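This report refers to the structure that appears directly beneath it.
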Amino acid sequence: MQSQKVFSFRSDNRRHGRAGSFLFSLFKLLIMALFAGCAFMPPAAPVPQLPSPDVQILWQKLIAAEKAPKAIKAVARIDIVTQSERYPLKTAILLQYPDSLRVESLPLFGPPDFYLVIENERLKVLLPQEGKYYVGSSSPKELAAFLPFISSRFQLADMFSLLRGTVPLIKDEDVILRGFPDKEFYRLEAYKGKQKRQALWLKPGSDQLVRATLWDRDGSILYTAQFEAYGYLKEAVDFPAKISVATGQSDPVIFNLNYTDLQFPQEIAEDLFSLKIPPGVEPLILNKE
């Protein structure tokens with residue numbers, strides 16, 4: 660009986676040994692197959708690096724592009740949002756760079772009920788339904804009475820640039836430039852001394868402006884602008900059809916502009932910027948001392 664027990668024990672040990680050897684061989688085959696599969700996997704594609712253009716050349720290119728277009732004839736939907744009011748408006752726009760602008764409302768029914776003209780720093784506003792005609796300077800204070808997004812932070816020069824798909828760039832010779840990739844964009848910063856004054860986000864390759872932030876001398880944000888929908892308008896494939904700006908950081912005023920029709924004439928006739936006083940209407944002088 661004792662020998663049978665010993666024989667039985669040894670017989671079970673051999674069976675376990677053969678099973679373990681089989682499992683170990685199978686494990687080695689699986690490991691070899693795994694490594695063989697990995698060997699045939701294509702290597703991961705490297706993350707493409709954004710180009711790093713010469714910042715001086717890029718800056719001069721942007722300044723040169725800022726001079727065009729000289730004239731704009733457009734139809735646009737404007738939406739102005741303040742902390743207490745919202746002003747949606749469909750408008751016709753005429754702009755002759757650098758100092759002439761005409762904006763008139765396009766109501767769903769009837770003739771325009773709002774005309775605003777700026778020419779040579781003079782402001783003229785006609786409200787036909789109220790029988791009022793205003794005359795004054797194109798200062799931020801007087802413009803803000805009719806264009807709520809105009810302020811000391813966002814002035815007429817900013818508006819002229821914004822309507823033309825850009826922002827006013829620093830022209831000083833002592834401007835310090837810094838450029839670097841920022842996610843999928845190229846970020847170009849302009850400094851005056853140690854103070855950052857402008858930051859532009861550009862599409863690599865096309866150098867299309869997609870975002871801009873401007874700061875004042877004390878480091879406060881003047882405004883941030885977004886430029887979108889390039890190629891939306893067939894007649895202006897390299898121009899942003901959607902432009903928005905938010906002024907300041909606290910209690911910002913939001914200005915949204917969507918071009919629905921856009922043309923670039925060589926020049927706009929001067930008489931289109933002369934807003935005639937209707938018969939029987941007495942002009943009201945703005946900010947009269």
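For the sequence shown, the numbering used here begins at 660 and goes up steadily by one.
Idealized CB from N, CA, C, for every residue including glycine.
For clarity, every value in this text was computed on a predicted model and none was experimentally measured.
- If you look at phenylalanine 886, you'll find it in the beta strand (DSSP E) that goes 880 to 889.
- If the five residues before and after valine 734 are omitted, its C-beta is found closer than 6 Å to the C-beta atoms of Ala751, Thr919 and Asp920, all from its own chain and listed in chain order.
- Counted as a single uninterrupted DSSP element, the alpha helix (DSSP H) harbouring glutamate 801 occupies residues 799 to 803.
- The C-alpha of glutamate 725 is placed about 25 Å away from the C-alpha of lysine 853.
- In the DSSP annotation of this structure, lysine 783 is not part of any alpha helix (DSSP H); the continuous beta strand (DSSP E) holding it starts and ends at 781 to 786.
- DSSP lists Arg837 and Ala858 as the beta-bridge partner residues of glutamate 848.
- DSSP links glutamine 715 through a beta bridge to no other residue.
- Of the other Cβ atoms in all chains shown, 16 or more fall within 10 Å of the Cβ of aspartate 817; this residue is therefore buried.
- Per DSSP, phenylalanine 819 is one residue of the alpha helix (DSSP H) stretching across 815 to 822.
- Leucine 934 places its beta carbon less than 8 Å from that of lysine 783.
- Excluding five sequence positions before and after alanine 871, the CB atoms of its chain that fall closer than 6 Å to its own CB belong to Val826, Leu859 and Ala884, given in chain order.
- Relative to leucine 806, the option among Arg837, Pro937 and Asp738 whose CA is nearest is Asp738.
- The straight-line gap separating the alpha-carbon atoms of tyrosine 792 and proline 911 is approximately 30 Å.
- In the three-state DSSP reduction, glutamate 778 falls in the strand class (E or B).
- Taking all protein chains shown into account, glycine 795 has 16 or more neighbouring C-beta atoms within 10 Å of its C-beta and is therefore buried.
- Collapsing the DSSP output to three states places alanine 751 in a strand.
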